[in-house]
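Enquirer: Residue numbers (the UniProt record's numbering): 1 to 71.
Just so you know, even glycine gets a beta-carbon here, dropped at the ideal spot from N, CA and C.
Source: prediction; values computed, not measured.
#1: So, residue 14 versus residue 52, is the Cβ gap smaller than 8 Å?
#2: Return the chain-ordered list of same chain residues with a C-beta closer than 6 Å to the C-beta of residue 20, the five sequence neighbours on each side being excluded.
#3: Please report how far the alpha carbon of residue 50 lies from the alpha carbon of residue 69, in whole angstroms.
#4: Can you look up residue 29 in the DSSP assignment and give me helix, strand or coil?
#5: Suppose the cutoff is 7 Å on Cβ atoms and the five residues either side in sequence are ignored; what does the same chain contact list for residue 33 look like?
Right, dumping it as structure tokens:
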């Protein structure tokens with residue numbers, strides 16, 4: 001939240017600085033993901049999610065069982 005007051009903060013952009021690019025940057029901190037990360041042609045968040053879903057196994061969380069299932 002402190003960054004909200006930072007006038008030098010990188011501006012939000014649908015093309016190169018959005019929640020999808022942030023999530024992709026976080027995922028790529030894992031070297032095994034970084035090596036297999038998809039090339040993102042369409043940088044919209046929904047497209048980035050689809051690219052990762054198409055390239056990696058699904059993780060599904062069941063809150064009632066408090067379990068993660070890898071598919």
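Expert: The structure says:
#1: No, these two residues do not count as a Cβ contact at 8 Å.
#2: Taking residue 20 as the centre and dropping the five residues before and after it, the same chain places the C-beta of 45, 48 closer than 6 Å to its C-beta, in chain order.
#3: 19 Å
#4: coil
#5: Close CB contacts of residue 33 within its chain, under the 7 Å cut and outside five residues either way in sequence, are with 27 (chain order).
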